[in-house]
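**Student:** After the structure tokens below, expect a handful of questions from me.
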Amino acid sequence: MKFILVLACLALYVAYTSAQDNCIGRPVLQVCTGGKDEGNNRHWSCRPRFTQVMWYYNSRTRDCQTMRYLGCGGNNNRYCSLAHCRRKCR
């Protein structure tokens, strides 16, 4: 019985962390270089991908910081959560 409970908790944890790694505006290939690039929202198709808060790795401070992603363009230094950014870039 305890084994099933532990297995269920592990499955929930994996599902939760996977959900934090995927969001609208996440690039397919993420990198920890390039600095902050909020992209642009010049075209109407960018607006549905506009995200209030995303994270980028700041190589000068050696930590992840928040930014607003505008929906289009930008570089691949863009993460959905602080935890995901730190996991990939530290």
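Residues -19 to -1, 1 to 71 in mature numbering (1 follows the signal peptide of the UniProt record, and there is no 0) are what the sequence shown lists, from first letter to last. Glycine included, C-beta positions come from ideal geometry on N, C-alpha and C. Please read these numbers as outputs of a predicted model, since none were measured by experiment.
If you compare alpha carbons, which of 28, 32, 70, 21 is closest to residue 39?
**Tutor:** As a working mapping, residue 39 is identified with position 58 in the sequence shown. Residue nearest to residue 39 within the set 28, 32, 70, 21 is 70 (criterion: CA-CA distance).
**Student:** Return yes when the Cβ of residue 35 is within less than 8 Å of the Cβ of residue 54, no when it is not.
**Tutor:** Indexing the sequence shown from 1 puts residue 54 at position 73. Indexing the sequence shown from 1 puts residue 35 at position 54. Result no, Cβ atoms of residue 54 and residue 35 do not sit closer than 8 Å.
**Student:** I'd like the span of the alpha helix (DSSP H) that includes residue 67, first residue to last.
**Tutor:** Indexing the sequence shown from 1 puts residue 67 at position 86. For residue 67, the enclosing alpha helix (DSSP H) has its first and last residue at 63 to 70.
**Student:** What are the partner residues of residue -19, as DSSP defines its beta bridges?
**Tutor:** Translated into the one-based positions of the sequence shown, residue -19 becomes position 1. In DSSP, residue -19 forms no bridge with anything.
**Student:** With DSSP collapsed to three states, give me the class of residue 28.
**Tutor:** Mapped onto the sequence shown, residue 28 falls at position 47. Of the three classes helix, strand and coil, the one that applies to residue 28 here is helix, per DSSP.
**Student:** Pull up the distance between the alpha-carbon of residue -3 and that of residue 50, whole angstroms please.
**Tutor:** Taking the sequence shown and counting its residues from 1, the one referred to as residue -3 is at position 17. Taking the sequence shown and counting its residues from 1, the one referred to as residue 50 is at position 69. The pLDDT assigned to residue -3 is 45, lower than 50, so where the model puts this residue is not dependable; a value taken from the coordinates is nonetheless given after this. Using only the alpha carbons, I get a separation of about 21 Å.
**Student:** Give the range of the beta strand (DSSP E) segment to which residue 46 is assigned.
**Tutor:** Sequence index remark: in the sequence shown, residue 46 carries index 65 (1-based). Start and end: 44 to 50.
**Student:** May I have the straight-line CA-CA distance separating residue 3 from residue 61, to the nearest angstrom?
**Tutor:** Sequence index remark: in the sequence shown, residue 3 carries index 22 (1-based). Sequence index remark: in the sequence shown, residue 61 carries index 80 (1-based). One C-alpha to the other measures close to 6 Å.
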